[in-house]
Amino acid sequence: MNIHSITLLVIWNIAISIFAEDISQNKTTTEEKFIDQWQDNVLSHVFLTNYLNHLLVHTSRTDFLLRNNSAQCTLHIPTTHSFRQTVSQLNNNIRSVLLGIHADFDRTQIHLKNIPTHLKLILLLIKKGNQTLIQSKLPHLLKQMENVARESLVKFQNPTDKITSIKNYLLELNSLISTIAVDTTIALQVEDVKDQWISLSHLLNQLANQAETNSNSIILQFKWILEQFIQLDIDLHRDFVINLLKTKVIDIDRMTDLLTIICETFQDISSEYSNEKLINNGHLISLPTEQERKQFIRQYHYELQPELVKFTRLALKRHEEYLRRERDRQITYEDFLIQASQSDLDLLLSLN
Numbered sequence: 001m002n003i004h005s006i007t008l009l010v011i012w013n014i015a016i017s018i019f020a021e022d023i024s025q026n027k028t029t030t031e032e033k034f035i036d037q038w039q040d041n042v043l044s045h046v047f048l049t050n051y052l053n054h055l056l057v058h059t060s061r062t063d064f065l066l067r068n069n070s071a072q073c074t075l076h077i078p079t080t081h082s083f084r085q086t087v088s089q090l091n092n093n094i095r096s097v098l099l100g101i102h103a104d105f106d107r108t109q110i111h112l113k114n115i116p117t118h119l120k121l122i123l124l125l126i127k128k129g130n131q132t133l134i135q136s137k138l139p140h141l142l143k144q145m146e147n148v149a150r151e152s153l154v155k156f157q158n159p160t161d162k163i164t165s166i167k168n169y170l171l172e173l174n175s176l177i178s179t180i181a182v183d184t185t186i187a188l189q190v191e192d193v194k195d196q197w198i199s200l201s202h203l204l205n206q207l208a209n210q211a212e213t214n215s216n217s218i219i220l221q222f223k224w225i226l227e228q229f230i231q232l233d234i235d236l237h238r239d240f241v242i243n244l245l246k247t248k249v250i251d252i253d254r255m256t257d258l259l260t261i262i263c264e265t266f267q268d269i270s271s272e273y274s275n276e277k278l279i280n281n282g283h284l285i286s287l288p289t290e291q292e293r294k295q296f297i298r299q300y301h302y303e304l305q306p307e308l309v310k311f312t313r314l315a316l317k318r319h320e321e322y323l324r325r326e327r328d329r330q331i332t333y334e335d336f337l338i339q340a341s342q343s344d345l346d347l348l349l350s351l352n
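Going by UniProt numbering, 306 is the number at position 306 of the sequence shown; the sequence numbering is gapless.
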């Protein structure tokens, strides 16, 4: 057995071990729930914004201490002498985090959309490129994909600590409210904001987890196999490597697709509804008259349903489009490899 055969056997055994583990873990119960439920969870963004503004209006009516005695300690709320100040700080924190996520996702979705093109280009390069072309172009293409994967992961993980901090803040506020005599409406509004934040934070944490899985698939598996491949006799092993990588390519494409549509939907909700409501809501906590309060409460009450209907339809449409692409994903790659020409490869390489 020559050195190339031994190397190929080693790559094969490692790859089978990696991919077999992936297949056994692929679409676990947690991931299936994520795929099925993301369109419900992303609507928490709408509910949260609306409920938060309701809370601000109700807070403009009153202020009170958040404790029964001076010895009561808090872990996450810095001061308990003013409910209004506490809600104002909560509003500022939520606004800052959500606007930051919007800015990060705006860049991230653009990067994610490039990954499927890179995957197709790399497979086409392996199929049609000569040894010199592959050895000169493949490392650069793999580095581009690695950079996209790392940058996207950072963006998804950026808000994690702040999301948890706000959740703890809300849980503590809700707990404090439950120990004192306050207006039932205020208590319910605080609880509603808490519940919607927990739902939204669940979605954002799942996005970070799935982005990490996707990044590992690209950097630790897909990239590793190809780095070993270019050390072999390329003409002899190209079909073997293409067949070996198809499952991983489709898996990366699938998860990238899902991350992209969730980012897009979150961005649409931010751009068309939440950002404007959050940026301009500071005055609500100091409304001077009951007439103004009733006016804003009526406005937020009547605007919620049409916004929910609009974004529910958008999320469902994107989810159904994703499911259609998922059914056709494998055949799409197979057809591409059959139909793409050397000219297509040259064109794609010139664009990257």
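A virtual CB, placed ideally from N, CA and C, is assigned to each residue, including glycine. For clarity, every value in this text was computed on a predicted model and none was experimentally measured.
### Message
Going by DSSP in three states, V154 sits in which element: helix, strand or coil?
### Response
helix
### Query
Is N209 helix, strand or coil by DSSP?
helix
### Query
By a C-beta neighbour count over all protein chains shown, 10 Å radius and 16 as the cutoff for buried, is I23 buried or exposed?
At I23, the pLDDT of 45 sits below 50, so the modelled position is not reliable; the number obtained from the coordinates is stated separately. Exposed: under 16 other Cβ atoms inside 10 Å.
### Query
Where are the alpha helix (DSSP H) runs, 4 residues long or more, that stay fully inside the stretch 186-240, in chain order?
223-229
### Message
So, for Q157: in the same chain, excluding its five sequence neighbours on each side, which residues have a beta-carbon less than 6 Å away from its beta-carbon?
### Response
A208
### Query
Around the Cβ of A159, are there at least 16 other Cβ atoms within 10 angstroms (buried) or fewer (exposed)?
A small correction: the amino acid at residue 159 is Pro; Ala does not occupy that position in the sequence shown. So P159 counts as buried.
### Task
Round the Cβ separation of H111 and E151 to the nearest angstrom and send it over; I've been treating them as touching at under 8 Å.
6 Å
### Message
Within 10 Å of its beta-carbon, does S341 have 16 or more other beta-carbons around it, so buried, or fewer, so exposed?
### Response
exposed
### Query
What's the C-alpha gap between I126 and D104?
33 Å
### Task
Using a threshold of 8 Å, state whether the C-beta atoms of L347 and L124 are closer than that.
no
### Query
Leaving out the 5 sequence neighbours to the left and right, which residues in its chain are closer than 8 Å to N26 when beta-carbon positions are compared?
Because N26 carries a pLDDT of 49, less than 50, the predicted location of this residue cannot be relied on, and the following value inherits that uncertainty. Excluding sequence neighbours, N26 sits near D251.
### Query
Cβ of V87 within 8 Å of Cβ of I166?
no
### Query
For the stretch 280-352, which segments carrying the beta strand (DSSP E) assignment without a break, of at least 3 residues, lie completely within its bounds, in sequence order?
none
#### Entry: Boundaries of the alpha helix (DSSP H) in which P116 is found, first to last residue
F83 to K128
#### Entry: Cβ contact check for the stretch 29-49 and the stretch 171-179: 3 or more pairs under 8 Å
no
### Message
So, with DSSP's three-state summary, where would you put S60?
### Response
coil
### Task
Verify whether the separation of the beta carbon atoms of A149 and I219 is less than 8 Å.
yes
### Message
I'd like to check one pair, L48 with L188: are the Cβ atoms closer than 8 Å?
### Response
no
### Query
Can you name the start and end residues of the alpha helix (DSSP H) that S175 belongs to?
T160 to S178
### Query
Which word fits S270, buried or exposed, when buried means at least 16 other C-beta atoms lie within 10 angstroms of its C-beta?
buried
### Query
Looking only at C-alpha atoms, which of T132, K137, F266 and E276 sits nearest to L203?
F266
### Query
Under a Cβ-count criterion, where at least 16 other Cβ atoms within 10 Å of its own Cβ denotes burial, should E307 be classed as buried or exposed?
buried
### Task
Please work out which residues of its chain come closer than 8 Å, Cβ to Cβ, to L345, disregarding the five sequence neighbours upstream and downstream, and give them in chain order.
L121, L124, L125, K128 and G129
### Task
Quick one: residues in its chain with C-beta nearer than 7 Å to the C-beta of E272, no 5 flanking neighbours on either side, listed in chain order?
none
### Message
I need the DSSP call for L142, collapsed to helix, strand or coil.
### Response
helix
### D40 versus R313 - alpha carbon distance
11 Å
### Query
In three-state DSSP terms, what is T132?
helix
### Query
From Q299, Q206 and E146, pick the residue whose C-alpha is nearest to that of K223; which is it?
E146
#### Entry: Secondary structure of I252, DSSP reduced to three states
helix
### 7 Å CB neighbourhood of I198 in its chain, flanking five on each side removed
K167
### Query
For L258 versus Y322, is the C-beta distance shorter than 8 Å?
yes
### Message
I'd like to check one pair, L153 with E191: are the Cβ atoms closer than 8 Å?
### Response
no
### Task
Assuming T185 contacts H301 (C-beta within less than 8 Å), just tell me the rounded distance between them.
Not a contact, Cβ separation roughly 13 Å.
### Straight-line gap, K317 to N216 (C-alpha atoms, nearest Å)
29 Å
#### Entry: Coarse secondary structure for I77, derived from DSSP in three states
coil
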